[in-house]
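When we follow the UniProt record's numbering, the leftmost residue of the sequence shown carries the number 1, and every step to the right adds one. Contents: one structure, followed by commentary.
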Amino acid sequence: MTSNSTSSFIEDFVHSLANHIIVEKDSPYEGIDTCLQEEPWCVTCHKRPESGLLCCSRCHTAWYCNSSCQKAHYKSGHREICLSVARDLKRVEEEIIPLRNTPFGDDPVPHNIFETEIGMFSEGPEAHRYMVARRELVESYFQAAFDVEIKEVWEKALYHALVQLREALSDPRGMIYVTPFILLYLNRDDDAFDFVQYWVNLKYIRGNESMMEIMNRHVQSKEGDFFYPRKTNSRFLDLSEQCPEADDQDVFLVFLVTILFIKLRLVAAYDATCQSLYVAFGETTGGRHIQEVRLAVTEMLIDESLVNIDSQRQQVERLVNAIDRNNPSMLPALLNPLPLLTQSRPPPDIRGDPSEAFDIVNYCNRCFSRIPGALKMLEERYGPNPTYNTTMRYGYD
């Protein structure tokens with residue numbers, strides 16, 4: 001077979017490959033949530049009319065093709081979300097005003113803390129009300145984005161989460177519980193990995209940075225910036241190798257769950273691609289050159305040196321074991337969340353307690369359920385509808 005005919009054969013193969021239905025939604029899984037809408041659409045009928053869309057004038061988180069669709073969505077549950085976003089946004093704006101001219105901490109002289117105290121907001125009671133208001137706004141935007149699954153709304157939630165993370169060196173109002181999953185819903189797995197690695201370094205080993213360098217990162221960034229150090233293709237890295245001094249038992253549960261989801265996405269995407277190759281080659285003729293073409297196409301579709309699938313599978317197993325060891329309620333709750341989530345939302349959680357899993361399950365359950373093979377993997381370990389400890393302690397014994 002000449003080089004030209006081989007090239008033509010590969011082109012024909014890739015074309016046939018694209019027409020095969022391998023996993024849900026008529027296309028091979030690529031490690032992303034395909035339900036994310038890059039551009040707004042009518043959240044009721046899922047159309048994008050040429051005449052354009054109407055945006056909800058109160059909350060700016062939902063779009064409609066006509067007033068009938070808007071009324072239907074409003075009655076179906078948007079009313080509560082809409083009012084919540086508008087209320088919380090107004091409250092944040094109101095709480096900002098006095099902080100532009102206030103004493104702070106040990107400094108009795110009034111000043112604008114948005115210019116002088118970036119990174120220190122959690123150190124003084126003056127900013128407490130504002131921090132609570134901003135946190136509640138993030139929650140409202142999260143619920144709005146969860147409802148419509150439009151990129152622009154998820155980015156609003158991320159913007160306000162990053163604003164608050166910038167304003168406090170220590171975790172402000174539990175932002176580390178929600179931010180990684182916002183990034184995953186946005187299909188920003190590299191950023192989610194980088195976020196986790198930063199916090200593991202900061203909280204457990206301090207990395208190689210001085211506090212001055214860390215503070216400068218906050219001060220020199222702009223509101224809403226993703227100011228954490230980035231690495232290209234970091235989602236393929238092994239967190240234990242990047243943070244060798246951090247013990248799994250000491251790493252926050254939310255970080256372990258985030259990395260597990262990233263790895264599950266990688267494994268699922270790899271398996272879907274391999275299945276696509278299997279099906280396509282099973283229906284393709286190529287005589288004695290078929291293995292040559294298979295190898296060429298595999299190299300085109302999968303960078304084995306980057307993926308290192310054996311390592312990814314090992315990381316999944318290690319993370320599942322670590323999560324189960326640190327909090328036995330976490331993974332069963334992903335399979336059977338209602339016994340946990342139907343309880344009242346607990347106060348600040350206790351490590352290893354079901355309360356620690358409550359917000360994580362609430363934020364990430366949809367993300368988990370959309371990863372091919374993830375449900376089956378946990379069902380093989382726990383059964384399809386597992387029981388688990390849901391008794392939450394509301395204080396230290």
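Where is the CB? At the ideal position from N, CA and C, for every residue including glycine.
Check: residue i C-beta below 6 Å from any heavy atom of the ligand SAM
i       : result
Asp-250 : In the structure shown, the ligand SAM is absent, as is every other ligand, since no ligand is present at all.
Beta-carbon proximity of residue i to residue j, cut-off 7 Å
i       : j       : result
Arg-370 : Asp-33  : yes
Val-307 : Tyr-363 : no
Ser-355 : Met-330 : no
Leu-319 : Leu-256 : yes
Phe-193 : Pro-180 : no
Cys-59  : Val-85  : yes
Leu-162 : Gly-224 : yes
Gln-312 : Val-267 : yes
Trp-154 : Ala-145 : yes
Ile-118 : His-218 : yes
Leu-239 : Ile-259 : yes
Tyr-198 : Tyr-228 : yes
Span of the beta strand (DSSP E) around residue i
i       : result
Thr-102 : 102-104
Close-in-space but distant-in-sequence residues of the same chain around residue i (CB under 6 Å, 5 per side omitted)
i       : result
Asp-190 : Ser-234 and Arg-235
Ile-360 : Val-254 and Val-257
Lys-231 : none
Asn-112 : Arg-100
Leu-158 : Ile-182
Thr-6   : Note that Thr-6 scores 46 on pLDDT, short of 50, meaning its location in the model is unreliable; the coordinates nonetheless yield the value given after this. None.
Thr-390 : Pro-339, Leu-340 and Pro-354
Arg-381 : none
Glu-38  : Lys-151
Lys-25  : Residue confidence for Lys-25 is low, a pLDDT of 43 falling below 50, so the modelled location carries little weight; the figure read from the coordinates is stated next. Contacts found: Thr-34.
Lys-156 : Tyr-141
Limits of the alpha helix (DSSP H) - the one that residue i falls within
i       : result
Thr-108 : Sequence inspection shows Pro at residue 108; the Thr mentioned does not correspond to that position. Not the alpha helix (DSSP H): Pro-108 falls in the beta strand (DSSP E), residues 107-111.
Asp-191 : 189-200
Glu-95  : 79-96
Arg-166 : 151-167
Ala-127 : Neither: Ala-127 is in no alpha helix (DSSP H) and is coded neither H nor E.
Glu-379 : 374-382
Ile-182 : 175-185
Glu-304 : 304-307
Contact set for residue i: own chain, Cβ-Cβ below 7 Å, skip 5 residues either direction
i       : result
Ser-344 : none
Ala-133 : Asp-88, Arg-91, Val-92 and Glu-95
Pro-386 : Pro-332, Leu-335 and Asn-336
Leu-264 : Val-316, Ile-371 and Ala-374
Phe-114 : Leu-99 and Arg-100
Leu-378 : Leu-331, Leu-334 and Leu-335
Val-178 : Val-138, Phe-142, Ala-161 and Tyr-363
Asn-365 : Leu-334 and Pro-337
Phe-368 : Phe-261, Leu-334 and Ala-374
Ala-127 : Leu-99, Ile-113 and Phe-121
Thr-116 : none
Gly-383 : none
Own chain, CB closer than 8 Å to residue i, minus 5 neighbours either side, in chain order
i           : result
Pro-110     : Asn-101, Thr-102 and Pro-103
Gln-249     : Ala-322, Arg-325 and Asn-326
Cys-56      : Ala-62, Trp-63, Tyr-64, Gln-70, His-78 and Cys-82
Leu-54      : Trp-63, Tyr-64, Cys-65, Asn-66, Ser-67 and Gln-70
Arg-188     : none
residue 441 : Any answer about residue 441 is impossible in this case: the structure gives the chain only from 1 up to 397.
4-residue-minimum alpha helix (DSSP H) runs that sit fully inside the region 321-353, ordered along the chain: 330-335 and 338-341
Any alpha helix (DSSP H) of 4 or more consecutive residues that is wholly inside the region 206-277: 211-220 and 239-242
Does the structure place the region 331-341 close enough to the region 140-156 that three or more beta carbon pairs sit under 8 Å? no
Touch test, the region 36-53 against the region 62-78, Cβ-Cβ under 8 Å, three pairs minimum: yes
Which parts of the UniProt domain "MYND-type" (42-82) are runs of the alpha helix (DSSP H), unbroken and 4 residues or longer, counting only runs that do not cross its ends? 67-73
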